[in-house]
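Residue numbers (the numbering used here), protein chains in the order written: chain A, 1 to 563; chain B, 564 to 669.
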């Protein structure tokens, strides 16, 4: 999910890490392996499907870990730690209610339609279900958003690298951009996904020691909660404390906006329609593996919150005035600060490598979904149609190069105009919400007409933006924080999109039933009938069991934080 | 050679099915477990050695824990796990045989 706090990680000066040759050796080895994966994956690219979707042939454990890794970008890691330092244990909502139900819904309910219809992208599904208007609008918006987010990631990387390692910003931007460019151009999505899986383990190796040591420093979980309760009050270490409607809490949201805005609209919008995520599942080798992709990802997601929240809480306990100028530390500095305080050379190198890997993977996920949408959905459908397949592989490589250069440009722009970038990011974050309305109505209501997709998308996006930028920012309705306003805007966008789709459908002709096979709930397409692969009937691979298991586990996790 | 530009559901299914038939990923992609296993064994060895030779200052910094040693051992075990997994359950050759090509070097 988009980082709730300001993604522009302004790190305080004085966070320079005492890195030595050992740490740099560890970092260098990682960069060599990243490039090696690109070169080795190159020979697996024969068709455009290989380049953009790994030939729909990867096993579920790989796509599942890539699914979680594409989300676990460094802006998310630093941002969620910052969120915890600022708001406390409310952060768990972004994981347990703000991710798990949506991931399970994607796997169990939506994936048969996505994967079974053989679409190559999320916009392509809209093309089949609705019409070219919805398709082109969503493709163009997605392409812009992907480049923007890739650029923001790159800029955030440059700031962190400058603060931690002392490299000039432009060096970090160019080096990271060049590596991402090289491995995606060479190996396409396979090399992006393989690197994401590798990054997942490096990030764990970086965060687990940090969490163990930070807990030890504050006297364990008990010591931590005692200190925080004394400093910040009772609600700081609970999930629901102070979220009654009308009562004040630091998050500026009540249980209803948390459940509906974050848990339903924002979360479902992000996890089920963001192509940078869904693409990982579409590259799985069969329907069962595609369904299991988000479900396998759900289990680490449940527990990753501890790895990002605990450092944030510990930083808040150790530096009570974090986030104010008196401490010289920003909320975003929580993890770098603890790395500097606690990690000796060696593990420090692993942690630096993990952070850089996470930044690069966040950028790569966006670049690899951008090139797919731009080539398949924009170029091949509307610009240069009907060429041989190898042409589109060449074009995909070319547009990857252009995409990376555009992200580098965006990163430099962000460096000069960071306010505009923050504004743009908020703007695009509202785009997922109407996407989700259009999907959910289109998938469950046969009567939704061809035209309704485009107008629903447009109306929902507009409503969310108007609510945020006019009604909230101009102070027409008072909402205490940006986060709270985000949740409310998401709900507004959802409702407006749904109403407009309904109204337009009433006045336009429905799509003929035979064109909806496998796209609407209650129909089946030939792709859904494929036989199960050997071994997939094992009980631990049953999607329903995996999915409901994750939901139950997330609900159980709430218990210690609720009383 | 089908066109990559159909707009209907049938076009997309035909295109993608055809591309799946010619796809080379399943047959030629290397086993990721080898890379993860190799990298983590290497990292594990490096960090474990750092832990064994760590000065008292490094251990004091880490709250009295020899964190390099423990992390190194953990990474080593993870690496070994992936290599053993690969040994015990080697990647199955692709079921739907595309055009017979040379197998990946293993």
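From the three backbone atoms N, C-alpha and C, an ideal C-beta is built for every residue, glycine too. Bear in mind that the values here come from a model prediction, so they are computed numbers and not experimental data.
Would you please verify whether the beta carbon of residue i is less than 9 angstroms from any beta carbon of chain A?
i                      : result
residue 604 of chain B : no
residue 582 of chain B : yes
residue 599 of chain B : yes
residue 628 of chain B : yes
residue 579 of chain B : yes
residue 641 of chain B : yes
residue 651 of chain B : no
Would you mind giving the Cβ-Cβ distance between residue i and residue j, rounded to the nearest angstrom? I have them listed as a contact below 8 angstroms.
i                      : j                      : result
residue 203 of chain A : residue 72 of chain A  : 6 angstroms
residue 147 of chain A : residue 406 of chain A : 5 angstroms
residue 354 of chain A : residue 205 of chain A : 7 angstroms
residue 275 of chain A : residue 122 of chain A : 4 angstroms
residue 338 of chain A : residue 314 of chain A : 7 angstroms
residue 133 of chain A : residue 454 of chain A : 4 angstroms
residue 334 of chain A : residue 85 of chain A  : 5 angstroms
residue 639 of chain B : residue 615 of chain B : Not quite, the Cβ-Cβ distance comes to about 13 angstroms (not below 8 angstroms), so this is no contact.
residue 290 of chain A : residue 70 of chain A  : No, residue 290 of chain A and residue 70 of chain A are not in contact; Cβ-Cβ is about 15 angstroms, not under 8 angstroms.
residue 538 of chain A : residue 100 of chain A : Their Cβ separation, rounded to whole angstroms, is 23 angstroms, which puts residue 538 of chain A and residue 100 of chain A out of contact at 8 angstroms.
residue 83 of chain A  : residue 328 of chain A : The Cβ separation is near 20 angstroms, so there is no contact.
Ignore the nearest five residues each way along the sequence and tell me which others in residue i's own chain have a CB closer than 8 angstroms to its CB.
i                      : result
residue 272 of chain A : 102, 105, 106, 110, 278, 436 and 439
residue 189 of chain A : 51, 52, 53, 54, 279, 283, 368 and 372
residue 247 of chain A : 254
residue 244 of chain A : 254 and 255
Suppose the cutoff is 7 angstroms on Cβ atoms and the five residues either side in sequence are ignored; what does the same chain contact list for residue i look like?
i                      : result
residue 237 of chain A : 88, 89, 225, 228 and 229
residue 23 of chain A  : 345, 348, 349 and 352
residue 580 of chain B : none
residue 139 of chain A : 123, 373, 377 and 378
residue 561 of chain A : 89, 92, 238 and 239
Say the cut is 8 angstroms; is the CB of residue i nearer than that to a heavy atom of the ligand FAD?
i                      : result
residue 161 of chain A : For the structure depicted, the ligand FAD is absent and the ligand set is empty, with no information on it obtainable.
Is residue i close to chain B? Criterion is C-beta to C-beta, closer than 9 angstroms.
i                      : result
residue 25 of chain A  : yes
residue 212 of chain A : yes
residue 338 of chain A : no
residue 209 of chain A : yes
residue 234 of chain A : no
residue 517 of chain A : yes
residue 180 of chain A : no
residue 55 of chain A  : yes
residue 36 of chain A  : yes
residue 591 of chain A : It is not possible to answer for residue 591 of chain A, since the shown part of chain A is limited to 1 through 563.
residue 473 of chain A : no
residue 588 of chain A : Any property of residue 588 of chain A remains undetermined from this structure, which presents chain A solely from 1 to 563.
residue 389 of chain A : yes
residue 3 of chain A   : Confidence at residue 3 of chain A is low in this model, with a pLDDT of 42, below 50, so the placement of that residue should be treated as unreliable; the coordinate-derived value is given next. So, not an interface residue.
residue 369 of chain A : no
Along chain A, in chain order, which residues have C-beta atoms closer than 7 angstroms to that of residue i?
i                      : result
residue 624 of chain B : 342 and 344
Alpha carbons only, please: which of the options is nearest the one belonging to residue i?
i                      : options                       : result
residue 589 of chain B : A/80, A/463 and A/50          : A/50
residue 285 of chain A : B/642, B/587, B/570 and B/574 : B/587
residue 452 of chain A : A/495, A/433, A/503 and A/476 : A/503
residue 172 of chain A : A/182, A/181, A/180 and A/161 : A/161
residue 609 of chain B : B/631, B/591 and B/598        : B/631
residue 468 of chain A : A/83, A/426 and A/127         : A/426
residue 262 of chain A : A/486, A/324 and A/394        : A/486
residue 511 of chain A : A/379, A/61, A/332 and A/449  : A/449
residue 509 of chain A : A/99, A/131 and A/59          : A/131
residue 191 of chain A : A/137, A/58 and A/556         : A/58
residue 166 of chain A : A/197, A/324, A/20 and A/389  : A/20
residue 653 of chain B : B/634, B/593, B/583 and B/627 : B/593
residue 150 of chain A : A/547, A/381 and A/364        : A/364
residue 612 of chain B : B/570, B/637 and B/626        : B/637
Run through chain A and tell me which residues come within less than 9 angstroms of residue i, C-beta to C-beta.
i                      : result
residue 638 of chain B : 201, 205 and 350
residue 619 of chain B : Simply none; closest approach about 11 angstroms.
residue 609 of chain B : 22, 25, 26, 29, 346 and 349
Could you list which residues in chain B have their beta carbon closer than 7 angstroms to that of residue i, in chain order?
i                      : result
residue 449 of chain A : Neighbours of residue 449 of chain A on chain B: none; closest Cβ ~16 angstroms, over 7 angstroms.
residue 41 of chain A  : 592
residue 19 of chain A  : Those within 7 angstroms of residue 19 of chain A in chain B number zero; the least Cβ separation is about 13 angstroms.
For residue i, which residues from the same chain have a beta carbon less than 6 angstroms from its beta carbon, with the 5 sequence-adjacent residues on both sides left out?
i                      : result
residue 536 of chain A : 288
residue 647 of chain B : none
List, in chain order, every chain A residue whose beta-carbon is nearer than 8 angstroms to that of residue i.
i                      : result
residue 644 of chain B : Near residue 644 of chain B there are no residues of chain A at all, since even the closest Cβ is about 11 angstroms away, more than 8 angstroms.
List the residues of chain B that residue i touches, going by C-beta distances under 9 angstroms, in chain order.
i                      : result
residue 124 of chain A : 575
residue 128 of chain A : 570, 571, 572 and 575
residue 62 of chain A  : 595
Name the chain B residues whose beta carbon is nearer than 8 angstroms to that of residue i?
i                      : result
residue 118 of chain A : 575, 576, 579 and 580
residue 197 of chain A : 595 and 599
residue 377 of chain A : Residues of chain B passing the Cβ test: none, with the nearest at roughly 11 angstroms.
residue 226 of chain A : The premise fails here: residue 226 of chain A is roughly 18 angstroms from chain B at the closest Cβ pair, so nothing lies under 8 angstroms.
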